[in-house]
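Numbering (my numbering), first residue to last: 162 to 539.
Structural data, given as structure tokens:
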């Protein structure tokens with residue numbers, strides 16, 4: 162049998178945390194459940210949608226009790242998942258990258274039919290405080306070795322302090338894989354094709370994320386034009402599941418005595434004419450205000466290589482915009498069209514035909530992932 166003809170029947174737990182005012186239908190979590198159902202025995206798939214709001218001390222206590230009840234429910238049926246998928250669907254604060262945890266109490270003015278209720282303002286928590294409350298009541302034990310999907314606006318990863326705190330939380334909770342997205346006004350529904358491919362290639366067929374990431378990227382054109390994808394992998398860490406057949410064939414990469422490491426990979430889609438080096442061209446020229454008026458200026462001396470600079474000029478007023486490739490975007494892992502081959506860091510790709518070059522740029526950093534204890538809410 163080929164590896165593609167085999168499927169994984171591991172028990173899977175899907176925890177879908179949704180902020181109270183957010184429509185859960187915008188999240189791909191239910192799609193994940195629906196794809197998995199035909200492949201799993203009834204007692205091998207648990208899906209729980211948790212609507213959270215812990216904007217006050219009283220609401221925090223209610224959330225903790227709700228998590229305690231969920232843990233008791235899972236313990237009662239003896240459910241021991243080998244994979245845990247955690248989807249967090251909320252908002253992030255624009256200045257600091259804090260995450261919305263709930264709302265203040267509603268305010269009311271007047272009486273009877275003249276009564277007017279004003280909804281309470283949102284309450285944003287620092288990333289570590291947010292997780293401390295969200296993963297409480299014993300549910301935090303399921304975070305160990307899980308995959309975390311952060312469906313929040315990109316301020317959490319754009320603000321360096323918030324992103325560093327996010328990475329610290331991943332280490333403390335011993336989360337194996339994490340996904341986040343860079344769009345400032347993030348639309349979770351655009352991740353559906355990416356999540357579909359993840360379910361089929363990783364959860365059903367049993368491949369590792371890093372081995373099939375190109376398959377996930379190539380089916381996500383709408384997400385590509387919307388956001389960069391950040392994948393964080395803690396290597397040699399805690400694993401819930403047994404090795405897959407593919408891992409047996411390739412040889413296990415985990416060494417018991419080796420140190421943990423955290424690999425942060427950022428995948429940015431680049432289109433030669435529409436999204437140069439991952440930057441979105443403005444709809445209007447900032448000088449003459451004309452709409453969609455950009456022409457790509459091709460450097461005559463380098464028409465057949467992927468250069469480190471891209472210039473655009475307004476057809477009306479000749480105002481120019483220049484984009485430069487960042488130092489961390491040196492590697493090109495996947496090109497759909499426009500250039501032939503891949504880059505080893507030089508970026509010297511041979512053009513094929515006159516089609517615009519489109520593909521994914523990748524930035525990879527590695528740091529220590531020493532596991533630390535994470536404070537929790539009792």
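Note that CB positions come from ideal geometry on N, CA and C, so glycine has one too.
Keep in mind it's a predicted model, so treat the numbers as computed, not measured.
Taking the alpha helix (DSSP H) that residue i falls in, what are its first and last residues?
i           : result
residue 204 : From DSSP, residue 204 is part of no alpha helix (DSSP H); its letter is neither H nor E.
residue 224 : 218-237
residue 190 : 190-197
residue 359 : 353-359
residue 321 : 321-334
residue 292 : 288-295
Quick one: what's residue i bridged to in DSSP?
i           : result
residue 268 : 279
residue 375 : Residue 375 is not bridged to any residue.
residue 176 : 209 and 247
residue 456 : 474
residue 263 : 284
residue 253 : 260
residue 445 : 452
residue 362 : Partner(s): none; residue 362 has no beta bridge.
residue 181 : In the DSSP output, where bridge partners are listed per residue, residue 181 has none listed.
Hey, how far is the Cα of residue i from the Cα of residue j?
i           : j           : result
residue 220 : residue 315 : 26 Å
residue 508 : residue 470 : Because the pLDDT of residue 508 is 46, which lies under 50, any placement of that residue in the model is unreliable, and the question is left without a value.
residue 213 : residue 476 : 50 Å
residue 313 : residue 371 : 23 Å
residue 327 : residue 300 : 18 Å
residue 351 : residue 289 : 27 Å
residue 394 : residue 319 : 19 Å
residue 278 : residue 269 : 4 Å
residue 415 : residue 421 : Caution is warranted here: a pLDDT of 48 is assigned to residue 415, below 50, making its placement in the model unreliable, and the coordinate value is therefore given only provisionally. Computed Cα separation, rounded: 10 Å.
residue 267 : residue 376 : 46 Å
residue 204 : residue 240 : 8 Å
residue 281 : residue 218 : 14 Å
residue 317 : residue 378 : 22 Å
residue 445 : residue 452 : 4 Å
residue 437 : residue 283 : 36 Å
residue 197 : residue 223 : 31 Å
residue 482 : residue 306 : 45 Å
residue 186 : residue 459 : 44 Å
residue 232 : residue 311 : 22 Å
residue 287 : residue 456 : 43 Å
residue 230 : residue 265 : 24 Å
residue 527 : residue 337 : 14 Å
residue 321 : residue 367 : 33 Å
residue 519 : residue 381 : 13 Å
residue 531 : residue 293 : 19 Å
residue 234 : residue 228 : 10 Å
residue 169 : residue 353 : 21 Å
residue 474 : residue 486 : 18 Å
residue 360 : residue 342 : 18 Å
residue 200 : residue 383 : 27 Å
Once you ignore the five residues that flank residue i on each side, which residues in its own chain have a CB closer than 7 Å to its CB?
i           : result
residue 439 : 389, 429, 430, 431 and 522
residue 271 : 277
residue 190 : 175, 177 and 248
residue 418 : Here residue 418 scores only 47 on pLDDT, less than 50, and its place in the model should not be relied on; the value that follows carries that caveat. Result list for residue 418: empty, nothing under 7 Å.
residue 291 : 260 and 262
residue 356 : 189, 192 and 193
residue 348 : 387
Which residues in the same chain have their Cβ closer than 8 Å to the Cβ of residue i, if we skip the five residues on either side of it in sequence?
i           : result
residue 178 : 211, 213, 247, 248, 249, 250, 251 and 295
residue 447 : 480
residue 346 : 314
residue 263 : 180, 181, 213, 214, 215, 216, 217, 220, 283 and 284
residue 194 : 175, 206 and 208
Using a Cβ-Cβ cutoff of less than 6 Å, which residues in the same chain neighbour residue i once the five nearest sequence positions on both sides are dropped?
i           : result
residue 427 : 389, 391 and 524
residue 449 : 477 and 478
residue 181 : 212 and 214
residue 207 : 174 and 240
residue 373 : 362
residue 339 : 309, 331 and 393
residue 303 : 245
residue 387 : 344 and 351
residue 529 : none
residue 255 : 316
Check for me: the beta strand (DSSP E) holding residue i runs from which residue to which?
i           : result
residue 128 : Residue coverage of the chain in this structure runs from 162 to 539, which leaves residue 128 outside it and unanswerable.
residue 312 : 308-312
residue 485 : 481-485
residue 341 : 338-342
residue 577 : Lying before the first or after the last residue shown, residue 577 is absent from the chain, which here runs from 162 to 539.
residue 520 : 519-529
residue 390 : 390-396
From the beta carbon of residue i, is the nearest beta carbon of chain B less than 8 Å away?
i           : result
residue 446 : Checking the listed chains, one finds no chain B in this structure; it contains a single protein chain.
The ligand NAP and residue i: does any heavy atom of the ligand fall closer than 7 Å to the residue's C-beta?
i           : result
residue 265 : Of ligands this structure carries none, so the ligand NAP is not represented either.
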